[in-house]
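Participant: Take a look at the following structure, please.
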Amino acid sequence: MNASQSMVFSLVAVGILVCLPLIGVTAGMTSLFGVIIPYAAVVVFFVGIVARVVRWARSPVPFRIPTTCGQQKSFPWIKADNLDNPSDTKGVVLRMILEVLLFRSLFRNTRLEFYDGPKIRYASAKWLWLGAIVFHYSFLVVFLRHLRFFTEPVTPLVTLLESVDGFLEVGLPRLYISGLALLAGVTYLFLRRVSIPQLKYISLPSDYFPLFLIFAITATGLLMRYVFKVDIVGVKELTFGLATFHPVVPKGIGVLFYIHLFLVSVLFAYFPFSKLVHMAGVFLSPTRNLPNNSRMVRHINPWNYPVKVHTYEEYEDEFREKMIEAGLPVEKKE
Amino acid sequence: MYDAKKIVPGILIFVVLFTFPLWSNMGKAAPAPKPELPKTEKVCVMDTAYMKTEHMVLLNQWRDLVVRDANRLWVGPDGKEHFMSLQNSCMKCHSSKVKFCDQCHNYAGVKPYCWQCHIEPKENM
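Order-wise, the sequence lines are chains Y and S. At position 95 of the first sequence the residue is numbered 173 (my numbering), and the sequence of numbers has no breaks. At position 2 of the second sequence the residue is numbered 13 (my numbering), and the sequence of numbers has no breaks.
Set out below in structure tokens:
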């Protein structure tokens, strides 16, 4: 598929996903969309992620393949860069923490530019890093804020997050910065993908679909909070029922909620099979989580065939007499 | 499986963290809140469905009209005139904050800032 086909395909897919609960719930299938599908999606999510991680863990990584971005550990008088070229666990842990929390490798992103004819130069390009930080952290805050639907009494963590997130006190219900930031982040990631020709060329439906899906989830969430409000008490009855395994489907929750819930279910179910699984994969990337200790530790390839070797000592034992007869030097004379 | 000493704890941490809503509520039941409705009046200034979802918007408009425009009279869609006042109009019927407002607000984790300016009714509950 080319770029525009990929985009149309993903857009149509998300459109269908929005229509399904719209038709289904209007036809009265509230327990299917309110209980059965969310449960199924969560089961798929957990089983899928665990199976993925186990599958990754089954592949041997016989050699150290970390990306090295600094001086390797060497002589004591050469300053080693233990963060960008870690030789021990401590360095790896620090490197991983910075990678997972601050997206350090994205911060290194550079752009190749042509100028004055054939000359090239590399420029720093931090926008992707910034977009990714905004997107991921606002998503995290939005995700954690939703715990108010799954805890009773509501955990203090959520209360704290809500008061920080809504400190602007704009409008009622109070505007949450994270909601807008998430929408802006996902929009930026999409615009970046279509406005850079090289990036557009390599983009596939599996790139556009998650973006559109998350956009739709954010949009329905914001609409539900600020514009077409739904019965929030009914929503919590449903979600808390799911969490306590006593599912109830209260009447009169707006259909917008079911669309939101269905899209989130799709996201959960789609997670283990898509690029989104980098949530787990980032911890298992051998280019980040391996110490560069090839010169200190011998790493043996687990699938090496047991080669029969005939050492020199054995050779000499076999031919010693003949060698002495022929006047050849031997190490052990009987 | 390689590195089982790291993979297994990792998976366990993931599962325990992400199932927090399931195990933290084990055996708990939180029945839906039942806000106490006034006995004297049958209808609010707008219909129930509107008041349920949009009351905060209306209260915000009232606040602006009263505080910024010094306008205390509000005409509802049914043509009835109402005196815009949280403590004197709303609370006249919905007299108990604890039995009415807090019921749903606590359940849904909402902390309205009405009572930063208004005087909270003293209730011994």
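Virtual Cβ for every residue (Gly too), placed ideally from N, Cα, C.
(1) Taking just the CA atoms, how far does ARG186 of chain Y sit from LEU334 of chain Y?
(2) Is there a C-beta anywhere in chain S that falls below 9 Å from the one on GLU391 of chain Y?
(3) Does ALA81 of chain S come out as helix, strand or coil in the three-state DSSP assignment?
(4) Please classify GLU131 of chain S as buried or exposed, where buried requires at least 16 other C-beta atoms within 10 Å of its C-beta.
(5) Are any of the Cβ atoms in chain Y nearer than 9 Å to that of SER107 of chain S?
(6) Once you ignore the five residues that flank GLU240 of chain Y on each side, which residues in its own chain have a CB closer than 7 Å to its CB?
(7) Got a sec? Which residues, its chain only, sit under 8 Å from THR146 of chain Y by beta carbon, not counting five neighbours each side?
(8) Which complete alpha helix (DSSP H) runs does the region 203-284 of chain Y hold, if anything under 4 residues is left out?
(9) Are the C-beta of SER137 of chain Y and some C-beta of chain C separated by less than 9 Å?
(10) Should GLU144 of chain S be flagged as near chain Y, meaning a C-beta pair shorter than 9 Å?
(11) Give the interface partners of LEU368 of chain Y over in chain S, defined as CB-CB distance under 7 Å, in chain order.
(12) Leaving out five residues before and five after GLY249 of chain Y in sequence, what residues of the same chain have Cβ atoms less than 8 Å from its Cβ?
(13) Is DSSP giving LYS168 of chain Y helix, strand or coil here?
(14) To test your reading of the DSSP string, which unbroken alpha helix (DSSP H) runs of 4 or more residues are found completely within the region 133-199 of chain Y?
(15) Over what stretch of residues does the alpha helix (DSSP H) that includes GLU403 of chain Y continue unbroken?
(16) From LEU20 of chain Y to VAL92 of chain Y, what distance separates their C-alpha atoms?
(17) Compute the Euclidean distance between the alpha carbons of THR108 of chain Y and GLU230 of chain Y, then round it to the nearest angstrom.
(18) Does the beta carbon of PHE361 of chain Y come closer than 9 Å to any beta carbon on chain S?
(19) Distance cutoff 9 Å, beta carbons only. Does VAL311 of chain Y sit that close to anything in chain S?
(20) Which residue spans inside the region 300-373 of chain Y form an unbroken alpha helix (DSSP H) run of at least 4?
(21) State the CB to CB distance for the pair PHE213 of chain Y and GLY257 of chain Y, rounded to an integer number of angstroms; the pair is presumed to be in contact (CB under 8 Å).
(22) With a threshold of 9 Å between beta-carbons, can SER96 of chain S be considered close to chain Y, or not?
(23) When the Cβ atoms of the region 122-140 of chain Y are set against those of the region 12-23 of chain S, are three or more pairs found closer than 8 Å?
(24) Tell me, please, whether the CB atom of VAL242 of chain Y is closer than 9 Å to any CB atom in chain S?
(25) Compute the distance between the beta-carbons of PRO325 of chain Y and ASP309 of chain Y, then report whether it is under 9 Å.
(26) Taking only beta-carbon positions, decide if LYS168 of chain Y is within less than 9 Å of chain S.
(27) If contacts are defined as beta-carbon pairs under 8 Å, then TYR286 of chain Y and SER88 of chain Y qualify, I think. What distance do you get, rounded to the angstrom?
(28) Give every residue of the same chain whose Cβ lies closer than 7 Å to the Cβ of SER281 of chain Y, excluding the five residues on either side of it in the sequence, and list them in chain order.
(29) If you count every other CB in all the chains shown that lies within 10 Å of the CB of TYR43 of chain Y, and 16 or more means buried, which is it?
(30) Quick one: list the residues of chain Y neighbouring LEU33 of chain S, beta-carbon separation under 7 Å, in chain order.
(31) Less than 9 Å between the C-beta atoms of PHE124 of chain Y and THR30 of chain S, yes or no?
(32) Between which two residues does the beta strand (DSSP E) holding HIS93 of chain S run?
(33) According to DSSP, is VAL408 of chain Y part of a helix, a strand, or is it coil?
(34) Answer yes or no: does any C-beta atom of chain S fall closer than 9 Å to that of LYS314 of chain Y?
(35) Under 8 Å between beta-carbons, which chain Y residues line up against LYS122 of chain S? List them in chain order, please.
(36) Figure out for me which residue from Y:SER183, Y:TYR200, Y:LEU184 has the closest Cα to the Cα of GLU191 of chain Y.
Facilitator: To lay it out plainly:
(1) Your numbering for residue 334 of chain Y matches position 256 in the first sequence. Your numbering for residue 186 of chain Y matches position 108 in the first sequence. Each residue's alpha carbon lies about 41 Å from the other.
(2) Residue numbering aside, residue 391 of chain Y sits at position 313 when the first sequence is read from its first letter. It does not; no Cβ of chain S falls within 9 Å.
(3) Along the second sequence, read from residue 1 onward, the residue named residue 81 of chain S stands at position 70. Reduced to three states, the DSSP call for ALA81 of chain S is coil.
(4) Taking the second sequence and counting its residues from 1, the one referred to as residue 131 of chain S is at position 120. So GLU131 of chain S counts as exposed.
(5) Indexing the second sequence from 1 puts residue 107 of chain S at position 96. Not one chain Y Cβ lies under 9 Å of SER107 of chain S.
(6) As a working note, residue 240 of chain Y is residue 162 in the first sequence. Closer than 7 Å at the Cβ level, and outside the excluded window around GLU240 of chain Y, lie ARG223.
(7) Position 68 of the first sequence holds residue 146 of chain Y. Closer than 8 Å at the Cβ level, and outside the excluded window around THR146 of chain Y, lie ASP162, ASN163, ASN370.
(8) 205-223, 234-243, 255-273, 275-279
(9) In summary, chain C is missing from the structure at hand, where the protein chains are Y and S.
(10) Since the first residue shown for chain S is 12 and the last is 136, residue 144 of chain S is missing from the structure and cannot be characterised.
(11) Residue 368 of chain Y sits at position 290 when you count from the first residue of the first sequence. Correct list: empty, because the minimum Cβ distance to chain S is about 11 Å.
(12) The residue you call residue 249 of chain Y lines up with position 171 of the first sequence. Excluding positions up to five away in sequence, the list reads TYR304.
(13) The residue given as residue 168 of chain Y occupies position 90 in the first sequence. It is helical.
(14) 167-180, 182-185
(15) Position 325 of the first sequence, counted from the start, is the residue given in the question as residue 403 of chain Y. Taken as a continuous stretch (DSSP letters only), the alpha helix (DSSP H) holding GLU403 of chain Y covers 390-403.
(16) One cannot answer for residue 20 of chain Y here, as it falls past the ends of chain Y, which runs 79 to 412.
(17) Residue 108 of chain Y sits at position 30 when you count from the first residue of the first sequence. Residue 230 of chain Y sits at position 152 when you count from the first residue of the first sequence. The alpha-carbon atoms of THR108 of chain Y and GLU230 of chain Y are separated by roughly 24 Å.
(18) The sequence position of residue 361 of chain Y within the first sequence is 283, counting from 1. Yes, because at least one Cβ of chain S sits closer than 9 Å to the Cβ of PHE361 of chain Y.
(19) Sequence index remark: in the first sequence, residue 311 of chain Y carries index 233 (1-based). Yes, contact with chain S.
(20) 310-321, 333-348, 356-359, 364-367
(21) Taking the first sequence and counting its residues from 1, the one referred to as residue 213 of chain Y is at position 135. Taking the first sequence and counting its residues from 1, the one referred to as residue 257 of chain Y is at position 179. PHE213 of chain Y to GLY257 of chain Y, Cβ: 13 Å. No contact.
(22) On the second sequence, residue 96 of chain S is found 85 positions in, with the first residue counted as 1. SER96 of chain S does not count as touching chain Y.
(23) yes
(24) Residue 242 of chain Y sits at position 164 when you count from the first residue of the first sequence. VAL242 of chain Y does not count as touching chain S.
(25) If you number the first sequence from 1, residue 325 of chain Y lands on position 247. If you number the first sequence from 1, residue 309 of chain Y lands on position 231. No, the pair does not count as a contact, with Cβ atoms beyond the cut-off.
(26) Reading the first sequence from its first residue, position 90 is the one you call residue 168 of chain Y. No, LYS168 of chain Y lies away from the interface with chain S (no Cβ there is under 9 Å from its Cβ).
(27) By 1-based counting over the first sequence, the position of residue 286 of chain Y is 208. By 1-based counting over the first sequence, the position of residue 88 of chain Y is 10. Right, their Cβ atoms sit about 4 Å apart.
(28) Locating residue 281 of chain Y in the first sequence gives position 203, where the first residue counts as 1. Counting only Cβ-Cβ distances below 7 Å, and skipping sequence neighbours, we find ALA81, SER84, ARG271.
(29) For chain Y, the structure presents residues 79 to 412; residue 43 of chain Y sits outside this window and is missing.
(30) Locating residue 33 of chain S in the second sequence gives position 22, where the first residue counts as 1. Those are ALA321, listed as they occur along chain Y.
(31) Start at 1 with the first residue of the first sequence, and residue 124 of chain Y comes out as number 46. Start at 1 with the first residue of the second sequence, and residue 30 of chain S comes out as number 19. Result yes, Cβ atoms of PHE124 of chain Y and THR30 of chain S sit closer than 9 Å.
(32) As a working note, residue 93 of chain S is residue 82 in the second sequence. 92-94 is the span of the beta strand (DSSP E), which, as asked, contains HIS93 of chain S.
(33) By 1-based counting over the first sequence, the position of residue 408 of chain Y is 330. Note: VAL408 of chain Y maps to coil in three-state DSSP.
(34) The count along the first sequence starts at 1 and reaches residue 314 of chain Y at position 236. Closer than 9 Å to some Cβ of chain S, the Cβ of LYS314 of chain Y qualifies, so yes.
(35) On the second sequence, residue 122 of chain S is found 111 positions in, with the first residue counted as 1. Simply THR237, GLU240, SER241.
(36) On the first sequence, residue 191 of chain Y is found 113 positions in, with the first residue counted as 1. It is Y:TYR200.
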